[in-house]
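These notes are about the structure you will find just below.
Numbering (our numbering), first residue to last: 7 to 305.
Following this line, the structure appears as structure tokens:
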């Protein structure tokens, strides 16, 4: 069988400033780039954004098409040129993997040598305890992306933006801090994680892999196809679990019980999440919030 490698050719279409949003304290530009993917099934796209949103749409083509709005806002006019020069889109290509990240003076100069398996770790991309942009009010990248729908996606942002992914079939990992996550018409979702924001999941086909869906402050809404068969686990401090799945299709899963030695004898501790088996069981799907409810529906 012929082994395919992902061959990526980068074409810079345009990189232009938009005068409509320029001033002495604010500057922006639109960056457009394209990557050609010869085999989307083995393709991987990693995005490590710091500030700004991600809007990702899958399609049947073989190109990664980027349109990114780069914005820099400073408190002092005299900081603009320095801030603009230090605010870049970082690109690393290795075999069948592409990494896009916010390149700053705090970026790891040796990122091109870091294994692709470690691209998801912030301490591999950025120097520990490095201070940057303390004099800058805002620096951000807002992404609008079209991707081959079977490509693996591992994407994250931190501040001032939501993550939206639609119409993909490949493995999907998403991570946000201050923003919502919306995934629609997707199937192979492996991890969803945000701190301050709601999570919305609409599946094109029911999951076949284990997955974890988490938000600290927000609700989780998951819509599955009719006939879901899996093991669902739920945990929340100030929230409840709701589902429209018929009671006859649900069976409670036993809690984990362990012996714990104590000075006055043997005690038992109950741990783990509350779980239910839906129909014949299947992939382990974990739902966790701290201040929020979980809603699971079939349609």
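Just so you know, even glycine gets a beta-carbon here, dropped at the ideal spot from N, CA and C.
Answer with buried or exposed for residue i, where buried requires no fewer than 16 other C-beta atoms within 10 angstroms of its C-beta.
i, result
"residue 102", "buried"
"residue 148", "buried"
"residue 113", "buried"
"residue 49", "buried"
"residue 137", "exposed"
"residue 209", "buried"
"residue 392", "Nothing can be reported for residue 392, as the shown portion of the chain is limited to 7 through 305."
"residue 41", "buried"
If you follow the alpha helix (DSSP H) that residue i is part of, which residue opens it and which one closes it?
i, result
"residue 143", "Here residue 143 belongs to no alpha helix (DSSP H); instead the beta strand (DSSP E) covers 142-154."
"residue 212", "Counting along the chain, residue 212 falls outside any alpha helix (DSSP H), and DSSP gives it neither H nor E."
What are the boundary residues of the beta strand (DSSP E) that includes residue i?
i, result
"residue 105", "103-109"
"residue 99", "94-100"
"residue 135", "That residue, residue 135, is in no beta strand (DSSP E); it is neither H nor E in DSSP."
"residue 280", "280-284"
"residue 69", "69-80"
"residue 181", "178-181"
Roughly how many angstroms separate the alpha carbons of residue i and residue j, rounded to a whole number?
i, j, result
"residue 293", "residue 182", "16 Å"
"residue 164", "residue 54", "9 Å"
"residue 276", "residue 227", "Confidence at residue 276 is low in this model, with a pLDDT of 49, below 50, so its placement is unreliable and the value that follows should be read with caution. Straight-line Cα distance between these residues: approximately 27 Å."
"residue 172", "residue 250", "24 Å"
"residue 150", "residue 62", "6 Å"
"residue 175", "residue 197", "14 Å"
"residue 107", "residue 97", "7 Å"
"residue 89", "residue 287", "53 Å"
"residue 170", "residue 46", "20 Å"
"residue 87", "residue 33", "10 Å"
Taking the Cβ atom as the reference point for each residue, do residue i and residue j lie within a distance shorter than 9 Å?
i, j, result
"residue 65", "residue 122", "no"
"residue 305", "residue 206", "no"
"residue 343", "residue 303", "Given a span of 7 to 305 for the chain in the structure shown, any question on residue 343 remains unanswerable."
Could you tell me how far apart the beta carbons of residue i and residue j are, in whole angstroms, since I believe they sit closer than 8 Å?
i, j, result
"residue 30", "residue 77", "That belief does not hold up - the Cβ atoms of residue 30 and residue 77 are roughly 15 Å apart, past 8 Å."
"residue 204", "residue 221", "7 Å"
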